[in-house]
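Read the structure below first, then the notes.
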Amino acid sequence: MIFHRTDGVISTKVGYAGGTTENPTYAEVCSGQTGHAEVVKVEFDPNIIDFSKLLDVFWDIHDPTQINRQGVDIGTQYRSCIFTDYEPYIEIAKNAIETLDSSNRYNNPISTILYENVTFFEAENYHQKYLFR
Numbered sequence: 001m002i003f004h005r006t007d008g009v010i011s012t013k014v015g016y017a018g019g020t021t022e023n024p025t026y027a028e029v030c031s032g033q034t035g036h037a038e039v040v041k042v043e044f045d046p047n048i049i050d051f052s053k054l055l056d057v058f059w060d061i062h063d064p065t066q067i068n069r070q071g072v073d074i075g076t077q078y079r080s081c082i083f084t085d086y087e088p089y090i091e092i093a094k095n096a097i098e099t100l101d102s103s104n105r106y107n108n109p110i111s112t113i114l115y116e117n118v119t120f121f122e123a124e125n126y127h128q129k130y131l132f133r
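Take the sequence shown: its position 74, counted from the start at 1, is 74 in this note's numbering, and no numbers get skipped.
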């Protein structure tokens, strides 16, 4: 919901990425057997907001030091991760992770994993824009 309300963001879709199963379902992802993370695909206009600013939002909305969890949600599907296939964004993400890790903003090391060239699978319709209902 935060990304959806960010100036320059055109659309968001929730889904799954980073696993081994083609077209996984929510139940399969929650089982922990597919290896997928629950993710948000963000389409944005780089003339309005740049990728590094989106990363700033990303850092602010979750704890990038937690391993395989966010708050009370526990499992590999809740790992902190960034997925991109665009080479300039890969470098920006790597630098952002390193900068954040050395900033002492957090008491623990950054656990965010960067994945390159990974397939995104759109989640079921009932998950899309869930917080708007």
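Quick reminder that beta carbons are idealized off the backbone N, C-alpha and C, glycines included. Quick caveat, the model's predicted, so the values are computed rather than measured.
In this structure Leu114 is in contact with Ile97, their Cβ atoms being roughly 7 Å apart against a cut-off of 8 Å. C-alpha of Ser31 to C-alpha of Thr112: approximately 21 Å in a straight line.
For Gln128, the secondary structure class from DSSP, reduced to helix, strand or coil, is coil. Here the alpha carbons of Phe120 and Ala27 stand approximately 17 Å from one another. Counting the other CB atoms within 10 Å of its CB gives Val29 a total of 16 or more, which places it among the buried residues.
Residue pairing from DSSP leaves Phe58 without any beta-bridge partner. The C-beta distance from Gly18 to His36 rounds to 6 Å, short enough to meet the 8 Å contact threshold.
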